[in-house]
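S.K.: After the structure tokens below, expect a handful of questions from me.
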Amino acid sequence: MLFSSITFIFFFVPVFFTFYFLLKPKWKNSFALLGSILFYAWGAPKFVFVLSVAVICDFYLARYIASLEGKKRKRWLLVAIGINLSILAYFKYTNFLVETVTNLFGLESSSFVQVLLPIGISFFTFHEISYLTDVYRKTKAPFDNLINYALYIFLFPQLLVGPIIRFHEIADQIENRNFYETSENRLLGFFRFAIGLAKKVLLADVLAIQVDKMFSLTHGIPDITHAWLGAFLNVLHIYIDFSAYSDMALGLALMMGFRFPENFNSPLIAESVTEFWLRWHMSLNRWLREYIYIPLGGNRGTELQTCLNILAVFFISGIWHGANWNFIVWGVCCGLVIVSERIFLQKLLKNAPRVIRIVVAQGLIVMLLVLFKCHSVKEGFQYLVYMFSSTSHTSILFFSVKTKLTIAVSIFIAMGSIHPRLESLANNLYTPFKSIRHYGLILAFSIVLVALSASYISIVGQHPFLYFKF
Amino acid sequence: MFSIKGLLFLLLALLWLPLIVRYLPVHDTELHGVSEKVVKHDFTLATWFDGSFQKKRDSYFAYNLGFRKAAVRLANELDYQLGEQRKYCVVGKGYNLMGMEYIDSYYGKDFVGYDSLKVLVNNFLHFKEILNKNGTAFFVVIAPSKTRLHPEQIPDEFRERETANTNYTQFLHAFRKTGIPILDFQTWFATIENKLPYPVYSNLGVHWSNYAATIAADSLMGYIGQITGKQTNRIKSQGIETVTQAEGTERDMLDILNLYSSIPLNRPLGKINTMLQTDTTNFSPTILAIGDSYYWNIIYTGIQEKFFKPGSAYYYYNSTAYYNHGVILPTSQINVVKSCLSKDVVFLIYSEPNLKNIGNGIAKQFMDAYAKADTLLRKN
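Next up, the structure:
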């Protein structure tokens, strides 16, 4: 089920939350689990069984690991992680592997049946690994109750596209979230959901049309200006679309009494690519740092080892994003840029004005995300050539007032925090207010945003989120 | 005034409202245009697991939600005010509404190509020869396109380089070359438009105005007379009324925009008060018209009923047959050979975007059925 569908907004949300608010605390987890399973099954009914089997296996494996000590404990952790990665590998990478091998050896692949990708598999696999690892590390004790663990995996606000919540961040809230379950938080949660919905429907979906037009080259080969504009709008679109989903997820979670960690912190004003990754998809990067980068040695070894660790993490990040060469190349390129910054680029720009540092960093990000957008490495590099070639030409693209307004608002949302006062406003947007009048205002504003978004969903239908394919 | 809990209760009530309101007798003005009614589908395990139940239920919720019609109008209104174009209705310069398919056809985007064009025209040529041999006249009518008549009204964002490779230009050329009679209202209206006191098109519609359809209907009668060599009945005018309100297809584009606001008519329209007096000494043919929606405007003038014999029919996109005597039939149930050969006149009437499917297969159907019947006749 999509957050931006009529079924979700006007059927699932009122029905689910009415009962959820009325239920006694001891029944809330069971009810939330039921709702989450229905939410997942609505879009992927067959894969509920795959996910359920994985959940049951991991629940008992984690308890077994918790009962062990020494090498056996580590061995069983590796077995459990291996099982989860095998499931991920089978569903996500079989097609890619078969295609690569058949292309490499010129074999016939007509008899191969494509494996369908269960939606959200990359996210719930990372949740499962987080649970197993945290139990192994004794950061948190495993759940006694299968319902609680199943809820951690199935919890519908984060099930499909994250944010990736590490087990130790949320374990206590799953067992008891009385502290956050207040009427104020429910209103603030809905406010955030409405903002996310509006960002998705009113902004991201409009940007997507322009980006697709510019990248599909239907208006001819772009000149330098258009190529850069298209690439910049691509970054803006990915950010607005993905941060919209995160806003909706965080809002819905808050309505349920969960406080999820933030997933974005104005990445488009980052002064370096390294900083960008500290502000972009923060939950994934925290996960990669904690479960891959640090176990590999982090920055505790020599400079060379650190650089290799960075490259390894970004290689994994690339392949996690998608089973395609363009994602792998994109991941490696990101790693190489960060290594370059570590070695010389940041030193070079150290004394440059902030604006220059931002322009350089964002320029690199714009180029890197071209690979993320295109369907193949060749297509990606071809587009990058257009960004630097003066021989290409295009017919002038026309932007309606609505598109111009959408771009302006999106830029304001993405880069407004460059001003300290706006940054402080953004940081305090979802913190509890003192007066009831403020809650009245945000409720009215939320209803207007939901009504407007629902109007557009009524005429153009629902569009899946960009990160659904991962 | 409100407590936080009160606000939360209000929020839940507002979220429930669209679900509840569909069961209440709340007036919600119907939307214009064609849309498929979405019906409720029953749950089965098979449809649940293949996901089709969920997809259909999503559509059902979306289609039947309370305030949906108001919501559609709201989004349309905002988009219209912000200059966002819809594919099905483009707001051209001077608030001239037009269909995107007319713009695409004008720029040759739907051009069938020379090979297909040759095949189609050859089919029509053979079709014409057989009909003529059996005493039935055949000709083609091309209805005018608002976009081709006024390309200057195309909005800037849809402007492209003009080309001669369009269905209109190439079909016209091929029909003329092969000797298939053609009544080209496009060229005719382009020539006389400046002399006409009323517009050929309302700025709010994609079809010709009632005024233009009436003079076209009279010209059609004249052309039938010319091609059959007989005197036909003609429309007599009892005066022209100036109207400031567009009616029916004169405002079809405005209607399907489904806005809260309205777009004014930029020129008064003419309404000819016609007198369809039948002179029994004149030739009253049995006709078969095969065409698109432009022919409806001709039918609305009354000539089909008054000047053509009751056996006359209109095959709408060669899919549904509308007979003068009121019978409506799918064309698949009709013997195409018998039907065509029993008529005095057979003609096609298409506007530019439908030229790519001109005839909707009638010529090929006829030839196949005719060849089959001929073989049977020879065997017997």
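Top line first, the protein sequences correspond to chains A and B. Residues in the first sequence are numbered from 861 upward in steps of one, following our numbering. Residues in the second sequence are numbered from 899 upward in steps of one, following our numbering. Just so you know, even glycine gets a beta-carbon here, dropped at the ideal spot from N, CA and C.
My output table needs one value for F1036 of chain B: the three-state DSSP class, helix, strand or coil.
M.R.: It is a strand residue.
S.K.: At 9 Å on the CB atoms, spell out the chain A contacts of F959 of chain B, in chain order.
M.R.: The contacting residues are S865, I866, T867, F870 and F871.
S.K.: State buried or exposed for G895 of chain A, treating a residue as buried only when at least 16 other CB atoms are found within 10 Å of its CB.
M.R.: By the 10 Å Cβ count, G895 of chain A comes out buried.
S.K.: Is the Cβ-Cβ distance between N1233 of chain B and A1211 of chain B less than 9 Å?
M.R.: Not in contact: N1233 of chain B and A1211 of chain B (Cβ atoms no closer than 9 Å).
S.K.: The segment 1256-1286 of chain A: which residues have C-beta closer than 8 Å to a C-beta of chain B, in chain order?
M.R.: Against chain B - using a Cβ distance shorter than 8 Å - the residues of the segment 1256-1286 of chain A are F1258, S1260, V1261, K1262, T1263 and L1265.
S.K.: For G1276 of chain A and F1075 of chain A, I'd like the C-alpha separation in whole angstroms.
M.R.: Each residue's Cα considered, the two are about 26 Å apart.
S.K.: Quick check: the segment 1176-1186 of chain B against the segment 1138-1150 of chain B, are at least 3 beta-carbon pairs closer than 8 Å?
M.R.: No, because fewer than three Cβ pairs between the segment 1138-1150 of chain B and the segment 1176-1186 of chain B fall closer than 8 Å, the two stretches do not touch.
S.K.: Can you find a CB in chain A that lies within less than 9 Å of the CB of L1023 of chain B?
M.R.: No, L1023 of chain B does not count as interfacial toward chain A.
S.K.: Threshold first: 3 residues or longer. Then list the beta strand (DSSP E) segments lying entirely within the segment 1190-1237 of chain B, N to C.
M.R.: With a minimum length of 3 residues, the continuous beta strand (DSSP E) runs that stay inside the segment 1190-1237 of chain B are 1211-1214, 1218-1221 and 1226-1228.
S.K.: Got a sec: is the Cβ-Cβ distance from M1108 of chain A to anything in chain B below 9 Å?
M.R.: With 9 Å as the cut-off, M1108 of chain A does not count as an interface residue toward chain B.
S.K.: Can you confirm whether I1154 of chain B, when its beta carbon is compared against all beta carbons of chain A, has any partner nearer than 9 Å?
M.R.: Answer no: the Cβ-Cβ gap between I1154 of chain B and chain A never drops below 9 Å.
S.K.: Taking the beta carbon of P1097 of chain B as the centre, do at least 16 other beta carbons fall within 10 Å, making it buried, or is it exposed?
M.R.: By the 10 Å Cβ count, P1097 of chain B comes out buried.
S.K.: Just mark K1026 of chain B as buried or exposed, buried being the case when its beta carbon has 16 or more other beta carbons within 10 Å.
M.R.: So K1026 of chain B counts as buried.
S.K.: Anything in chain A within Cβ reach of L1018 of chain B, meaning under 7 Å, just list it in chain order.
M.R.: What L1018 of chain B touches in chain A: nothing, since even the nearest Cβ is about 28 Å away.
S.K.: Report the option in B:L929, B:I1028, B:I1125 and B:Q1129 whose CA atom is closest to the CA atom of D1177 of chain B.
M.R.: Considering only alpha carbons, the answer is B:Q1129.
S.K.: Is it a yes or a no for the segment 1225-1240 of chain B touching the segment 1196-1204 of chain B, going by three-plus beta-carbon pairs under 8 Å?
M.R.: No, the segment 1225-1240 of chain B is not in contact with the segment 1196-1204 of chain B.
S.K.: Is the CB-CB distance between G1178 of chain A and F1187 of chain A below 9 Å?
M.R.: A contact, by the Cβ cut-off of 9 Å.
S.K.: With H, G and I counted as helix, E and B as strand and the rest as coil, what does DSSP make of I941 of chain A?
M.R.: Note: I941 of chain A maps to helix in three-state DSSP.
S.K.: Since T1140 of chain B sits in a beta bridge, which residues does DSSP pair it with?
M.R.: Answer is B:G1168, bridged to T1140 of chain B.
S.K.: Would you list, in chain order, the members of the segment 1031-1053 of chain A that have their beta-carbon closer than 9 Å to a beta-carbon of chain B?
M.R.: Per Cβ criterion, the list reads T1042, S1043, E1044, R1046, L1047 and F1050.
S.K.: Is there contact between the segment 1010-1021 of chain A and the segment 1102-1120 of chain A, where contact requires at least three CB pairs shorter than 8 Å?
M.R.: As far as the Cβ criterion goes, the segment 1010-1021 of chain A touches the segment 1102-1120 of chain A, which means the pair count is three or higher.
S.K.: Taking 8 Å as the limit between beta carbons, can you name the residues of its chain near N1008 of chain A, skipping five residues before and five after?
M.R.: Closer than 8 Å at Cβ, skipping near neighbours: N889, I1034 and E1035.
S.K.: Between A:I1129, A:I916 and A:T962, which has its C-alpha nearest R1217 of chain A's C-alpha?
M.R.: Here the closest residue by C-alpha is A:I1129.
S.K.: If I measure Cβ to Cβ from P1162 of chain B and keep anything under 8 Å in the same chain, skipping five residues before and after, which residues do I get?
M.R.: Taken in chain order, the residues that qualify are Y993.
S.K.: Does chain A have any CB closer than 9 Å to the CB of Q983 of chain B?
M.R.: Yes, its Cβ sits closer than 9 Å to a Cβ of chain A.
S.K.: Interface residues of chain A around Y947 of chain B at Cβ under 8 Å?
M.R.: The sequence given here places Phe at residue 947 of chain B; Tyr does not occur at that position. Simply P905 and K906.
S.K.: Comparing C-alpha positions only, which one of B:H1048, B:G1077, B:Y1215 and B:P1053 sits nearest to E1091 of chain B?
M.R.: Of B:H1048, B:G1077, B:Y1215 and B:P1053, the residue nearest in Cα terms is B:H1048.
S.K.: Please state the DSSP three-state secondary structure of T1130 of chain B.
M.R.: In the structure shown, T1130 of chain B sits in a strand (DSSP, three-state: E or B).
S.K.: Counting contacts by CB-CB distance shorter than 9 Å, is K903 of chain B in contact with chain A?
M.R.: Answer yes: the Cβ-Cβ gap between K903 of chain B and chain A drops below 9 Å somewhere.
S.K.: For the alpha helix (DSSP H) containing F1245 of chain B, name the first residue and the last one.
M.R.: Looking at the DSSP string, F1245 of chain B is not in any alpha helix (DSSP H); the run it does join, the beta strand (DSSP E), is V1243 to Y1248.
S.K.: Can you tell me whether E1055 of chain B is buried or exposed, with buried defined as 16 or more other CB within 10 angstroms of its CB?
M.R.: Exposed is the call here.
S.K.: With a CB to CB cut of under 6 Å and the five nearest residues on each side skipped, what residues in its chain are close to L1171 of chain A?
M.R.: G1195.
S.K.: With 9 Å set as the bound, which would you pick, yes or no: does the beta-carbon of G1300 of chain A sit closer than that to a beta-carbon of chain B?
M.R.: Chain B contact via Cβ: present.
S.K.: So I1080 of chain B packs on I1040 of chain B, CB below 8 Å; how close in whole Å?
M.R.: Their Cβ separation, rounded to whole angstroms, is 7 Å, which keeps I1080 of chain B and I1040 of chain B in contact under 8 Å.
S.K.: Which complete alpha helix (DSSP H) runs does the segment 977-1046 of chain A hold, if anything under 4 residues is left out?
M.R.: The segment 977-1046 of chain A contains these whole alpha helix (DSSP H) runs: 981-996, 1006-1014, 1016-1019 and 1027-1035.
S.K.: For R920 of chain B, return the contacting residues in chain A, with the cut-off set at a CB-CB distance below 8 Å.
M.R.: In chain order: nothing, as chain A lies at least about 10 Å away.
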